[in-house]
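Engineer: Below you will find the structure I want to go over with you.
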Amino acid sequence: MVFTNTGGRGARVVTSSRWPEEQGVRPGLPLAEAQLLAGDHSPSPLGGENFQSPSPPWGEGLGVRSGPSVCPQSTPPTHFEPHDPAADVAALRRLALESQQFAPLVGVEDADAPQCLLLDASGCTHLFGGEQSFVETVARHFRERGLSARVALAPTIGAAWGAARWVARPRAPVVVPLEHLASLLSHLPAAALRLSEATVETLRELGLHSIGQVKQLPRSGLPSRLGHDVMRRLDQAFGDAPEVLTVERASPPIEATWAGEEPLADRAMLVAICRQLVSQIVGQLAARGEGVQRLVCRAAGAAGRRAEWVVNLVIPCEAAAHLVELLRLQLERAALPDDVSHVSLTASATAPLGLRQRDLFGDEVNPDRDRELGALLNRLSSRLGPRAVLRPRVVPDAQPEFAAAVEPWLESDAAARSTAADGFAGGTRPLRLLTPPEAISVRVAGPEAVPVRFCWQRREHRVVRSWGPERIETGWWRDAHVRRDYFRVEVHSGHWFWLFHCLTEHDWFLHGAFD
Amino acid sequence: MASREQLIETLTARLREIERPRLRSGRGGSPIGLRWPGLAGWLTSRGIARGCLIEWLAEGPGAGSATLAWLAVRDLARHGEVVVLLDSQKQFFAPGANTLGVPPRQVVLLQPERRDDGLWSLEQALRCHGVGVVMCEVEKLSAKQFRRLQLAAEVGGTWGLMLRPASTRRQPSWADVRLLIEPQPSPAVSGRRWRLEILRVRGAAAEDVACVEFDDATDGLRLVSELAAATTAIRAVGA
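Residue numbers (the numbering used here), protein chains in the order written: chain G, 42 to 556; chain Z, 276 to 514.
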């Protein structure tokens with residue numbers, strides 16, 4: 042996996058997983074060079090997990106095109122993705138919430154592209170057996186999560202930030218005691234002051250490379266020459282000025298519960314209670330300007346029996362009536378505990394209403410149609426189950442069994458929907474595919490073994506015209522190696538079928554019909 | 276005392292009024308109706324209007340009725356109409372739709388496990404204003420179920436395309452258009468030929484037969500000449 046960013050100088054690598062890194066892919070490398078390094082490697086037996094996938098996943102939006110559809114033998118195993126800074130920040134926020142196990146106050150650094158988590162460890166370290174063992178625990182936690190983190194503990198945020206970047210190593214966390222603060226800071230480079238690139242550049246031009254040198258400048262001249270930022274950051278680093286930590290807080294779950302003394306008599310009562318609870322939830326969400334994306338309903342009986350239903354929505358919804366209807370569709374068919382006395386509803390996923398997904402089909406925006414259709418998809422998924430409401434997709438794979446894919450509407454996201462490739466330049470394909478292919482007996486003629494007669498469903502079909510063979514062959518790294526000759530045939534009744542001759546086993550199969 | 280001609284005219288007008296598809300959806304008429312590219316004038320002049328059920332009767336897999344149905348839907352799908360496909364047998368092959376020029380991303384595929392779920396979802400989809408076309412294969416359908424589907428299509432302003440076996444020809448039908456499709460051996464090198472018989476078109480004397488051919492190379496349907504001369508345009512179901 043390689044993430045790339047399109048800047049002023051064309052697409053460049055932002056970061057990559059380990060395998061491409063071993064091939065020499067480094068951050069900042071132009072995309073074309075990275076593709077050369079990580080892309081066109083012919084599979085080696087020790088190549089890792091990338092080679093095992095039946096169809097190599099491909100980047101769509103990067104101008105990366107898949108190889109010929111006949112046989113994916115030469116297709117590179119590396120997956121290129123555009124860099125998504127917003128997703129980075131969101132992931133860092135989640136890490137911040139997770140890090141609350143070490144300290145109660147955790148925040149993300151205040152920067153355009155934050156890379157740092159800030160933990161206020163005051164009064165926490167003794168719980169971990171001292172400062173050194175605290176930083177080691179934190180470092181070990183991230184290492185076990187598969188993340189490479191540099192950890193530093195210092196008396197000020199500025200000093201910890203600089204020490205984490207320039208002193209600490211992934212396996213060697215650093216603790217800076219108060220008495221060493223001044224000496225550490227004066228040796229750190231000027232960039233450790235968290236200044237803009239332009240300011241750091243100016244300092245460099247002035248010959249000021251370390252914080253110590255900047256500190257020695259007369260304070261009165263600093264703001265007018267270098268801006269107020271330098272002074273503020275300098276004071277913050279040495280602890281002469283306060284710095285505020287913006288703490289990440291998980292938003293409280295949106296919940297509504299009902300508990301009755303008498304157990305519920307029937308389903309209609311349960312639906313009525315759900316209606317009340319839904320209106321409470323929608324009311325709470327309205328204040329935030331959000332809609333429900335997933336609703337979990339739990340019912341508990343007196344004897345401790347429990348049941349749970351989940352309603353997933355294609356687009357966030359704020360309409361109570363629609364939510365109640367979706368719940369009712371599930372409740373109607375579910376087995377209820379006999380004596381429900383406790384019902385709770387939780388909106389376990391919510392999304393801002395204003396921030397609608399691009400559009401359901403990735404074409405021109407059509408909000409009315411999408412609202413109606415979203416409601417329909419919600420209803421269908423609620424009653425039939427999410428695995429029955431699907432979005433078909435054509436996959437550029439030569440083997441027909443893998444050439445079509447489906448994914449549940451509830452799980453496919455808007456971005457994937459819009460970039461889904463429809464352009465498959467394969468041969469003529471039937472509308473009906475039999476899975477698995479049905480074995481048939483075929484009589485062939487001529488040196489090319491063209492089918493002339495076959496038997497299917499107790500009926501003999503005489504072939505009057507045929508097109509083929511179309512040879513389909515897959516590579517040796519697939520589980521089952523496939524080598525087939527496909528024929529499109531017209532039989533005497535005018536019906537069209539799709540047959541193939543399996544060249545490895547010398548059997549004939551009917552694989553589809555041109556309905 | 277009205278003359279005989281006047282009486283006939285009044286009765287004809289009333290009959291036309293009764294037979295006209297009643298669109299209850301209040302949904303604006305589509306700029307294009309459901310029709311086959313290349314077959315202008317045959318069956319309908321302006322295309323089949325919204326809110327109609329169309330039955331495609333054909334014998335067995337491979338007869339090509341779905342190919343004809345997808346070709347009729349193709350332009351609508353390309354104009355952004357959503358196609359809901361009920362695929363109870365789980366045999367729909369998306370590359371096949373792609374071959375015919377229908378973008379698979381416009382398709383919502385439903386694969387319910389139970390038959391009554393299938394009928395329920397058909398009705399829901401037909402009733403939805405966000406849907407353009409609903410396509411399905413149904414064999415058994417009671418008159419009551421059929422009527423429900425037809426009303427749902429009228430309310431939703433959707434086209435309902437029902438692919439059914441030819442054996443259902445004698446069964447009662449609420450479809451606005453019924454077509455019988457018989458594949459024909461084609462003498463040409465490429466191309467595929469069918470005999471199309473109109474069993475019913477609401478609001479018109481039906482019973483017309485045509486022979487049409489689809490050519491991969493030109494990507495269009497055309498009437499085959501020897502039978503085409505006998506056909507007349509029926510302006511019935513147009514909105």
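Cβ coordinates follow ideal geometry from the N, Cα and C atoms, glycine included.
Hey, out of Val130(G), Arg428(G), Phe143(G), whose CA is closest to glutamate 150(G)'s CA?
Structural biologist: As a working mapping, residue 150(G) is identified with position 109 in the first sequence. Measuring from the Cα of glutamate 150(G), the nearest candidate turns out to be Val130(G).
Engineer: Interface residues of chain Z around tryptophan 537(G) at Cβ under 8 Å?
Structural biologist: Taking the first residue of the first sequence as position 1, residue 537(G) is located at position 496. Within 8 Å Cβ-Cβ: Gly337, Gly339, Pro458, Arg467.
Engineer: Any C-beta of chain G sitting closer than 7 Å to the C-beta of threonine 374(Z)?
Structural biologist: Here residue 374(Z) is taken as the residue at index 99 of the second sequence, counted from 1. For threonine 374(Z), the answer is yes, since a Cβ of chain G falls inside 7 Å of its Cβ.
Engineer: In the stretch 499-511 of chain G, which residues sit with their C-beta less than 7 Å from some C-beta in chain Z, listed in chain order?
Structural biologist: Val505
Engineer: According to DSSP, simplified to helix, strand and coil, what is phenylalanine 421(Z)?
Structural biologist: The residue labelled residue 421(Z) in the question sits at position 146 within the second sequence. Phenylalanine 421(Z): helix per DSSP, three-state reduction.
Engineer: Can you tell me whether arginine 484(Z) is buried or exposed, with buried defined as 16 or more other CB within 10 angstroms of its CB?
Structural biologist: Stepping through the second sequence from its first residue, residue 484(Z) is reached at position 209. The residue you asked about is not arginine; residue 484(Z) is valine in the sequence shown. Classification for valine 484(Z): exposed.
Engineer: Three or more C-beta pairs under 8 Å: does that hold for the stretch 467-474 of chain G against the stretch 363-378 of chain Z?
Structural biologist: Three or more Cβ pairs drawn from the stretch 467-474 of chain G and the stretch 363-378 of chain Z lie within less than 8 Å of each other, which places the two stretches in contact.
Engineer: Cα separation between serine 448(Z) and phenylalanine 421(Z)?
Structural biologist: Counting from 1 along the second sequence, the entry for residue 448(Z) is found at position 173. Counting from 1 along the second sequence, the entry for residue 421(Z) is found at position 146. Roughly 7 Å separates the two Cα atoms.
Engineer: Roughly how many angstroms separate the alpha carbons of glycine 51(G) and phenylalanine 528(G), rounded to a whole number?
Structural biologist: In the first sequence, the residue the question calls residue 51(G) occupies position 10. In the first sequence, the residue the question calls residue 528(G) occupies position 487. Each residue's alpha carbon lies about 46 Å from the other.
Engineer: With leucine 78(G) and arginine 53(G) assumed to form a contact (beta carbons below 8 Å), what rounded beta-carbon distance in angstroms separates them?
Structural biologist: Reading the first sequence from its first residue, position 37 is the one you call residue 78(G). Reading the first sequence from its first residue, position 12 is the one you call residue 53(G). That pair is no contact at about 13 Å.
Engineer: Say whether chain Z places a C-beta atom closer than 7 Å to the C-beta of threonine 469(G).
Structural biologist: What you label residue 469(G) is simply residue 428 of the first sequence in a count that begins at 1. True, the Cβ-Cβ gap to chain Z drops below 7 Å.
Engineer: Does DSSP put arginine 399(G) in a helix, in a strand, or in coil?
Structural biologist: The residue labelled residue 399(G) in the question sits at position 358 within the first sequence. Residue confidence is low: arginine 399(G) scores 44 on pLDDT, short of 50, so the model does not pin down where it sits. No coordinate-derived value is stated.
Engineer: Quick check for students: name the residue ranges of the alpha helix (DSSP H) that lie wholly in the stretch 361-395 of chain G, counting only runs of 4 or more.
Structural biologist: 361-372
Engineer: Put leucine 146(G) into one of helix, strand or coil per three-state DSSP.
Structural biologist: Sequence index remark: in the first sequence, residue 146(G) carries index 105 (1-based). Reduced to three states, the DSSP call for leucine 146(G) is strand.
Engineer: Answer yes if the stretch 379-393 of chain Z comes into contact with the stretch 422-436 of chain G, meaning at least three C-beta pairs across the two stretches below 8 Å, and no otherwise.
Structural biologist: yes
Engineer: Relative to the C-alpha of leucine 386(G), which residue among Cys338(G), Ala231(G), Asp270(G) is closest?
Structural biologist: Within the first sequence, the letter at position 345 stands for residue 386(G). Ranking the options by Cα distance to leucine 386(G), first place goes to Cys338(G).
Engineer: Return the chain-ordered list of same chain residues with a C-beta closer than 6 Å to the C-beta of phenylalanine 169(G), the five sequence neighbours on each side being excluded.
Structural biologist: Here the question's residue 169(G) lines up with position 128 in the first sequence. Its chain contains Phe175, Thr178 as the residues whose beta carbon lies nearer than 6 Å to that of phenylalanine 169(G), once the 5 sequence neighbours on both sides are disregarded; these appear in chain order.
Engineer: Use the C-beta contact count for valine 409(Z): other C-beta atoms within 10 angstroms, 16 or more gives buried, fewer gives exposed.
Structural biologist: Here residue 409(Z) refers to the residue found at position 134 of the second sequence. Valine 409(Z) is buried by the Cβ-count criterion.
Engineer: Here's a check: name, in chain order, each residue in its chain whose Cβ is nearer than 6 Å to the Cβ of alanine 300(G), leaving out the five neighbours to either side.
Structural biologist: Residue 300(G) sits at position 259 when you count from the first residue of the first sequence. Hits under 6 Å: His383.
Engineer: Is proline 478(G) buried or exposed, if buried means 16 or more other CB atoms sit within 10 Å of its CB?
Structural biologist: Translated into positions along the first sequence, residue 478(G) becomes position 437. The residue in question, proline 478(G), is buried, as its Cβ has 16 or more Cβ neighbours within 10 Å.
Engineer: Mind checking who glycine 332(G) pairs with in its DSSP beta bridge?
Structural biologist: Your numbering for residue 332(G) matches position 291 in the first sequence. In DSSP, glycine 332(G) forms a bridge with Ala392(G).
Engineer: Are the beta-carbon atoms of glycine 393(Z) and leucine 361(Z) separated by less than 7 Å?
Structural biologist: Residue numbering aside, residue 393(Z) sits at position 118 when the second sequence is read from its first letter. Residue numbering aside, residue 361(Z) sits at position 86 when the second sequence is read from its first letter. It is a contact, given that the beta carbons lie within the stated cut-off.
Engineer: Taking CB distances under 7 Å as the criterion, tell me whether leucine 502(Z) reaches chain G.
Structural biologist: Within the second sequence, numbered from 1, the residue matching residue 502(Z) stands at position 227. Since pLDDT at leucine 502(Z) reaches only 47, below the 50 mark, its modelled position is unreliable, and the value read off the structure follows with that caveat. Closer than 7 Å: no.
Engineer: For a test of the three-state rule: what should DSSP assign to aspartate 346(Z), helix, strand or coil?
Structural biologist: Here residue 346(Z) corresponds to residue number 71 of the second sequence, with the count starting at 1. Position check: residue 346(Z) holds leucine in this sequence, whereas aspartate was assumed. Leucine 346(Z): helix per DSSP, three-state reduction.
Engineer: Could you check where the alpha helix (DSSP H) with serine 265(G) kicks off and where it finishes?
Structural biologist: The residue you call residue 265(G) lines up with position 224 of the first sequence. Going by DSSP, serine 265(G) is part of the alpha helix (DSSP H) stretching over 263-267.
Engineer: Give me the DSSP bridge partner(s) of isoleucine 473(Z).
Structural biologist: Within the second sequence, residue 473(Z) is the residue found at index 198, counting from 1. Paired residue(s): Leu454(Z), Asp483(Z).
Engineer: Where in the stretch 481-539 of chain G do unbroken runs of the beta strand (DSSP E), each at least 3 residues long, occur, reported from the N-terminal end onward?
Structural biologist: 491-497, 500-514, 524-532
Engineer: Would glutamine 420(Z) pass as an interface residue toward chain G - the criterion being a Cβ-Cβ separation below 7 Å?
Structural biologist: For the purposes of this step, residue 420(Z) is taken as the residue at position 145 of the second sequence. So, not an interface residue.
Engineer: Along the chain, where does the alpha helix (DSSP H) containing phenylalanine 183(G) start, and where does it finish?
Structural biologist: Within the first sequence, numbered from 1, the residue matching residue 183(G) stands at position 142. Looking at the DSSP string, the run of the alpha helix (DSSP H) that includes phenylalanine 183(G) is 172-185.
Engineer: Residues of chain B with CB under 7 Å from glycine 553(G), in chain order?
Structural biologist: Although the question refers to chain B, the structure presented lacks it and instead comprises the protein chains G and Z.
Engineer: Helix, strand or coil: how does DSSP classify glutamine 459(Z) here?
Structural biologist: For the purposes of this step, residue 459(Z) is taken as the residue at position 184 of the second sequence. Residue state for glutamine 459(Z) is assigned as strand, using DSSP reduced to three classes.
Engineer: Look at leucine 194(G) and valine 208(G) and say whether their C-beta atoms are less than 7 Å apart.
Structural biologist: Here residue 194(G) corresponds to residue number 153 of the first sequence, with the count starting at 1. Here residue 208(G) corresponds to residue number 167 of the first sequence, with the count starting at 1. No, these two residues do not count as a Cβ contact at 7 Å.
Engineer: Work out the CA separation of alanine 239(G) and leucine 326(G) for me, nearest whole Å.
Structural biologist: The count along the first sequence starts at 1 and reaches residue 326(G) at position 285. The count along the first sequence starts at 1 and reaches residue 239(G) at position 198. Cα atoms of leucine 326(G) and alanine 239(G): separation of roughly 43 Å, rounded to the nearest angstrom.
Engineer: Which residues, in chain order, does the stretch 426-440 of chain Z contribute to contact with chain G at a C-beta distance below 7 Å?
Structural biologist: none
Engineer: Between the C-alpha atoms of threonine 243(G) and histidine 182(G), what's the straight-line distance to the nearest angstrom?
Structural biologist: Here residue 243(G) is taken as the residue at index 202 of the first sequence, counted from 1. Here residue 182(G) is taken as the residue at index 141 of the first sequence, counted from 1. Approximately 39 Å between the Cα atoms of the pair.
Engineer: Alpha carbon to alpha carbon, how far is serine 107(G) from glutamine 440(G)?
Structural biologist: Along the first sequence, read from residue 1 onward, the residue named residue 107(G) stands at position 66. Along the first sequence, read from residue 1 onward, the residue named residue 440(G) stands at position 399. Only weak support is given to the placement of serine 107(G): the predicted model assigns it a pLDDT of 31, under 50, and the value that follows is read from those uncertain coordinates. When rounded, the distance between both Cα atoms is 15 Å.
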